[in-house]
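There are 2 protein chains.
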Amino acid sequence: MAAWRAYLSASHLLERRVEEQLKAESGLTHAQYEILARLSDAPDRRLRMTELARGVVVSKSGLTYQIGQLEKRGLVERATCPSDDRGVLAVLTDRGVECLRRTAPGHVAVVREVLIDLLTPDELEMMTRVMSKVEAATRASAGPLP
Amino acid sequence: MAAWRAYLSASHLLERRVEEQLKAESGLTHAQYEILARLSDAPDRRLRMTELARGVVVSKSGLTYQIGQLEKRGLVERATCPSDDRGVLAVLTDRGVECLRRTAPGHVAVVREVLIDLLTPDELEMMTRVMSKVEAATRASAGPLP
DNA sequence: TGGAGGTTGTTCAAATTCGAACCACTGGAG
DNA sequence: CTCCAGTGGTTCGAATTTGAACAACCTCCA
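Taken in order, these protein sequences are the chains called C and Y.
Here this note's numbering runs 952 ahead of the position in the first sequence, where the first position is 1.
Here this note's numbering runs 952 ahead of the position in the second sequence, where the first position is 1.
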């Protein structure tokens, strides 16, 4: 359980640190940044709500709320899904791309400072492998998304 | 950044999974469980509010709130600090100890299932070392507790 | 002694999150 | 064609979290 305790403290501290930096530099929440980043990597910079929710690991209602916030700021738009009238597509706007472009460097710098740069290449490789294993196992274990 | 993305997904999923299990089995929040666990390990099962807040990595106001909740359920009491009239000690009650004793096995089982048992001994050792490094670095970098 | 400056814990409003309930729509079975 | 279980999103209420503002208290120096 020593590993678990160390992990817990580290993860809480990382979250606080990243949150603080993002909020100060760009006024974005970490959750919001993750949403923008996911959209930015998606084909056509758009994703179905449910798929996006899975990706960033947040509840459906949580995503609805955050997309609403991002829409207010003009960083994201909603579009109806052509193949399914129920579906909603979250689309990253040009303003969203711009915001991300401006914000990413500072964010990446902090992540390097508090995590990446502390690890040897071996540790980094193992970390990635371990976390991927954990992700796969956890997604399989309980309901993929309630 | 692949390591970071993997870490983010895994940590969110872990948190959800653990939260779900605790809430279902004992009606405790993960934050509340961490508080009880910390108190249980402390000498005389009591800690100063600020020290406890540092330990579980939560804001002062957040801790005040959670201690209030735990007090309502009789799992924790407040005692005034003998050496400092401002100070407040959070004290784990017998009911609190009992609750923790009842809850811990299920919690530990889930943690093993989604993390510990997936790792080789080498990986576990490295994980602990890495997370401790991250914790130390992050605590040093920004203000210890705002 | 007399504060000045820093700590400690609480209160307050605002933001975020979740789960449950709810509609609208899809995709087959009959 | 019609109905019906299942999906996809949103809405709603409740719980939690945070930072800023406060009040009480300690510490140490002139």
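Idealized CB from N, CA, C, for every residue including glycine.
Item: Could you pull out every unbroken beta strand (DSSP E) segment of at least 3 residues lying fully inside the segment 1039-1072 of chain C, listed in chain order?; Value: 1040-1044
Item: Expressed to the nearest angstrom, what Euclidean distance is found between the alpha-carbon atoms of Asp1036(C) and Arg1000(C)?; Value: 10 angstroms
Item: Report the rounded CA-to-CA distance for Val1010(C) versus Pro1034(Y), giving the unit in angstroms.; Value: 44 angstroms
Item: Over the uninterrupted beta strand (DSSP E) stretch that includes Val1010(C), give me the two end residues.; Value: That residue, Val1010(C), is in no beta strand (DSSP E); it is neither H nor E in DSSP.
Item: Pick helix, strand or coil for Arg1025(C), following the three-state DSSP scheme.; Value: coil
Item: Going by other Cβ atoms of all chains shown within 10 Å of its Cβ, with 16 needed for buried, is Gly1014(Y) buried or exposed?; Value: exposed
Item: Locate the beta strand (DSSP E) running through Arg1104(Y), then write down its first and last residues.; Value: Here chain Y covers residues 953 to 1098 and nothing more, so residue 1104(Y) does not appear.
Item: Taking Cβ-Cβ distances below 8 angstroms as the criterion, which residues of the segment 1042-1066 of chain Y are in contact with chain C?; Value: Val1060, Val1063, Glu1065, Val1066
Item: What number of angstroms, rounded off, separates the C-alpha of Arg1053(Y) from the C-alpha of Asp1046(Y)?; Value: 10 angstroms
Item: When the Cβ atoms of the segment 1082-1094 of chain C are set against those of the segment 1054-1068 of chain Y, are three or more pairs found closer than 8 angstroms?; Value: yes
Item: Would a C-beta distance cut-off of 9 angstroms place Val1043(C) and Arg1006(C) closer than the cut-off?; Value: no
Item: Measuring alpha carbon to alpha carbon, tell me which residue in Leu1041(C), Ala1061(C), Thr1072(C) is nearest Thr1032(C).; Value: Leu1041(C)
Item: Take Glu921(Y) and list the residues in its own chain whose beta-carbon comes closer than 8 angstroms to its own, dropping the five residues that flank it on each side.; Value: No answer is possible for residue 921(Y): it lies beyond the span of chain Y, which begins at 953 and ends at 1098.
Item: Which first and last residues belong to the alpha helix (DSSP H) in which Ser1035(Y) is found?; Value: Ser1035(Y) -> no alpha helix (DSSP H), and no H or E assigned at all.
Item: Could you tell me whether the Cβ of Tyr959(C) comes closer than 9 angstroms to any Cβ of chain Y?; Value: yes
Item: Give the range of the alpha helix (DSSP H) segment to which Leu980(Y) is assigned.; Value: First-last for Leu980(Y): undefined, no H or E at that position.
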